[in-house]
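Peer 1:
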Amino acid sequence: MLQGSKAKKEIRLNRLSSFRYLFRAPDFEDPLDTYPFNASAPLPGPEITYEEASVFKVSDLARLLAFWRLTFSRKHVLFAYEILQQSARSYPFDPSSDETLTLADLTDCRFAEMDWTKIGAGATLGMTRFHLTWNDFMWKNTICILGRLPDGDVLLDSILGGPRLSRLETKLTQVQLEKGLQENTAQAENGSAPERENVDLPPSN
162 MLQGSKAKKE
172 IRLNRLSSFR
182 YLFRAPDFED
192 PLDTYPFNAS
202 APLPGPEITY
212 EEASVFKVSD
222 LARLLAFWRL
232 TFSRKHVLFA
242 YEILQQSARS
252 YPFDPSSDET
262 LTLADLTDCR
272 FAEMDWTKIG
282 AGATLGMTRF
292 HLTWNDFMWK
302 NTICILGRLP
312 DGDVLLDSIL
322 GGPRLSRLET
332 KLTQVQLEKG
342 LQENTAQAEN
352 GSAPERENVD
362 LPPSN
């Protein structure tokens, strides 16, 4: 568990959601069903401390975020619009938090499954995005889940600075190692030895 002043710092965990369904006919003469561009805004969510984030179970955090998800309404969309009218230094941005992080699940868009072979390209490695804005804000601290690759790995696309990206890579490596250890332990308990991968050793001197 984290201790000291860092443990009490607050994180605003943002998630993005489409708001098309909030502005559908017959309530509106010009609904967003046929709007060709993204129509998304940050979902409401709780502020949690570093200490809470370090001890929360993933299932508990998922339930907490699901509860806040149900409160998403037109007023949140209008608030996001008002923020965009200002000269915010970054977006999403919450001046009351010490840190912000935006998570976006784009699995349904199936970016990871796009077939580029017809034009002579290979697999999808990530996305390129641009933001047309009038106040030159900087979109930062974002992690997008793009789906799964053929081998089952999750494809992530992120906008993170060097130190944050390094911490994410370290944590993902730790999760991968823990998963491998659990699988090996389960195989050992079932009486089957884990499969060994063929590794090409360097030539001896």
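Its first residue numbered 162, the sequence shown is counted upward by one per residue in the working numbering.
Virtual Cβ for every residue (Gly too), placed ideally from N, Cα, C.
#1: With respect to the beta strand (DSSP E) encompassing residue 320, which residues constitute its N-terminal and C-terminal limits?
#2: Counting contacts by CB-CB distance shorter than 8 Å, is residue 179 in contact with chain E?
#3: Would DSSP call residue 264 helix, strand or coil?
#4: Excluding the five sequence neighbours on either side, which residues of its own chain have a C-beta within less than 7 Å of the C-beta of residue 267, listed in chain order?
#5: For residue 318, count neighbouring Cβ atoms within 10 angstroms of its own Cβ and tell me buried if that reaches 16, exposed if not.
#6: Is the separation between the beta-carbon of residue 233 and that of residue 193 shorter than 8 Å?
#7: From the DSSP output, in three-state form, read off residue 197 for me.
#8: Give the straight-line distance between the Cα atoms of residue 265 and residue 175, rounded to the nearest whole angstrom.
#9: Along the chain, where does the beta strand (DSSP E) that runs through residue 175 open and close?
#10: In whole angstroms, give me the CA-to-CA distance for residue 335 and residue 231.
#11: Compute the Euclidean distance between the alpha carbons of residue 184 and residue 259, then round it to the nearest angstrom.
#12: If you draw a straight line from the C-alpha of residue 303 to the C-alpha of residue 237, how long is it?
#13: In the DSSP output, which residue or residues are listed as bridge partners for residue 203?
#14: Whose C-alpha, out of 261, 341 and 167, is nearest the C-alpha of residue 173?
#15: At which residues does the beta strand (DSSP E) containing residue 346 begin and terminate?
#16: Which first and last residues belong to the alpha helix (DSSP H) in which residue 274 is found?
Peer 2: Straight from the coordinates:
#1: Position 159 of the sequence shown, counting from 1, holds the residue named residue 320. Looking at the DSSP string, the run of the beta strand (DSSP E) that includes residue 320 is 315 to 320.
#2: No chain E is present in this structure, which holds just one protein chain.
#3: In the sequence shown, the residue the question calls residue 264 occupies position 103. Looking at residue 264 - three-state DSSP - the assignment turns out to be strand.
#4: Mapped onto the sequence shown, residue 267 falls at position 106. The residues are 305, 306 and 307.
#5: Working through the sequence shown from its first residue, we reach residue 318 at position 157. Buried, since its Cβ has 16 or more Cβ neighbours within 10 Å.
#6: Locating residue 233 in the sequence shown gives position 72, where the first residue counts as 1. Locating residue 193 in the sequence shown gives position 32, where the first residue counts as 1. For residue 233 and residue 193, no; Cβs fall outside 8 Å.
#7: The residue labelled residue 197 in the question sits at position 36 within the sequence shown. It is coil, neither helix nor strand.
#8: In the sequence shown, counting from the first residue as 1, residue 265 sits at position 104. In the sequence shown, counting from the first residue as 1, residue 175 sits at position 14. Straight-line Cα distance between these residues: approximately 8 Å.
#9: As a working mapping, residue 175 is identified with position 14 in the sequence shown. Its beta strand (DSSP E) spans residues 171 to 179.
#10: Locating residue 335 in the sequence shown gives position 174, counting from the first residue. Locating residue 231 in the sequence shown gives position 70, counting from the first residue. Cα-Cα distance, rounded: 33 Å.
#11: Residue mapping note: residue 184 aligns to position 23 of the sequence shown, counting from 1. Residue mapping note: residue 259 aligns to position 98 of the sequence shown, counting from 1. C-alpha separation (whole angstroms): 33 Å.
#12: Along the sequence shown, read from residue 1 onward, the residue named residue 303 stands at position 142. Along the sequence shown, read from residue 1 onward, the residue named residue 237 stands at position 76. So the two alpha carbons sit approximately 19 Å from each other.
#13: Indexing the sequence shown from 1 puts residue 203 at position 42. 177.
#14: Here residue 173 is taken as the residue at index 12 of the sequence shown, counted from 1. Answer by Cα proximity: 261.
#15: Translated into the one-based positions of the sequence shown, residue 346 becomes position 185. Here residue 346 belongs to no beta strand (DSSP E); instead the alpha helix (DSSP H) covers 323 to 350.
#16: As a working mapping, residue 274 is identified with position 113 in the sequence shown. No alpha helix (DSSP H) contains residue 274, which DSSP labels as neither H nor E.
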